[in-house]
Amino acid sequence: MKNIGINVNTTKDPENKMVDFIIKTIYNVNKDVNIKIYKDCEGLNTQESDKLDVIIVLGGDGTILNTSENILESDTPILGVNIGHLGFLTQIEVNNIEIALDKLFKKDYVIQDRTMIECSLDDGDKIESYYGLNDVVVYKGIKNSIQKYDVFIDNKFYNEFSADGIIVCTSTGSTAYNLSAGGPIIHPSLDAFCVTPMYSQYLTARTIVLNNNSIITVKIKNESENLFLSIDGRDWIVIKGSIGINIKKSKYKRKLIKFNNNSFFKTLREKITFGGKEYEGDIYESDKAHKNTSNY
1 MKNIGINVNT
11 TKDPENKMVD
21 FIIKTIYNVN
31 KDVNIKIYKD
41 CEGLNTQESD
51 KLDVIIVLGG
61 DGTILNTSEN
71 ILESDTPILG
81 VNIGHLGFLT
91 QIEVNNIEIA
101 LDKLFKKDYV
111 IQDRTMIECS
121 LDDGDKIESY
131 YGLNDVVVYK
141 GIKNSIQKYD
151 VFIDNKFYNE
161 FSADGIIVCT
171 STGSTAYNLS
181 AGGPIIHPSL
191 DAFCVTPMYS
201 QYLTARTIVL
211 NNNSIITVKI
221 KNESENLFLS
231 IDGRDWIVIK
241 GSIGINIKKS
251 KYKRKLIKFN
261 NNSFFKTLRE
271 KITFGGKEYE
281 GDIYESDKAH
291 KNTSNY
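The sequence shown begins at 1 in the working numbering and counts up by one.
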């Protein structure tokens, strides 16, 4: 491993303290490396990424998603260091950086190929395509009334939903907006999509889990109102109700570095269970005992 990129979210590390610490730690482990720093993805793209052996991302899940967008066609793996709030996609917490970097140089890790999602908008004149790792969200906006959406799966009518919006997520994205809207957690090893109605008026409106070879089409029944589209929580795109929204598995995949002793269930315990209780100021003694035995 000779060429390492570090992409830092400068709002999380405004004084470069974490960047400096990681650079120092890397050189303590291996002095024979080239390190290049990127701030908020500036200058980082597919061509630049292809020159690197690994990209270390300093931030939270949003920083990883932004990095993924910028290096869309690259196969360079990402290693996330959590200096954000939740950090479900990140593999390293601040207090484990030295151990993790030692494992990185010893190649004591696995690389996971995570499925990405593609969303295409067809207005009749042209097709615009967007790519994400987590999800595609169609949303009515704050000012619009609840909308009706027709959902088709592989060109077959599935259901009509009266709701704020529709979320289509990958397994990776099941713990993001989908979870907040009441959708299920899906193990990232499963090749699946979730279709989750957002805050529907119908009590019977539930998530459906599909093979990710399915093509999902969302049509808005009220074509007179503008709606909003977001991929991986990025800027909301204004769309007209007459536009067809087609969602499918992308040809691109995202490579994420995972350490063998960081299981998905360990992450769930620490990020969802313990994270929620810590945020609410409510950790029980038995939980503390379990947490303290979950060594890196």
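C-beta atoms are modelled at their ideal positions from N, C-alpha and C, and glycine is treated no differently.
For N45, the three-state secondary structure derived from DSSP is coil.
G84 sits in coil when the DSSP states are folded into three classes, being neither helix nor strand.
Of the candidates L227, G87, K103, the residue whose Cα lies closest to the Cα of Q147 is L227. Between A181 and M198, the C-beta spacing is below 8 Å. Just measuring C-alpha positions, the residue of Y130, T90, I26, I99 sitting nearest N246 is Y130. In this structure D50 is in contact with S74, their Cβ atoms being roughly 5 Å apart against a cut-off of 8 Å. The DSSP-derived three-state label of D235 is coil.
DSSP lists N211 as the beta-bridge partner residues of A192. The count of Cβ pairs closer than 8 Å, one atom from the region 224 to 238 and one from the region 198 to 213, stays below three, leaving the stretches out of contact. Counted as a single uninterrupted DSSP element, the alpha helix (DSSP H) harbouring N178 occupies residues 177 to 180. One Cα belongs to E48, the other to P77, and the distance between them is close to 13 Å. Contact check for I71 against I257 fails: the beta carbons are separated by 8 Å or more. As computed with DSSP, M198 is found in a beta bridge with G165. Rounded to whole angstroms, the Cβ separation of I117 and S250 is 6 Å, and the two are in contact under 8 Å. Annotated as distal: Q91 and F265, with beta-carbon spacing of 8 Å or more. Assigned with DSSP and collapsed to three states, M116 falls in strand. Partner residues in the beta bridge of Q147, as assigned by DSSP, are A163.
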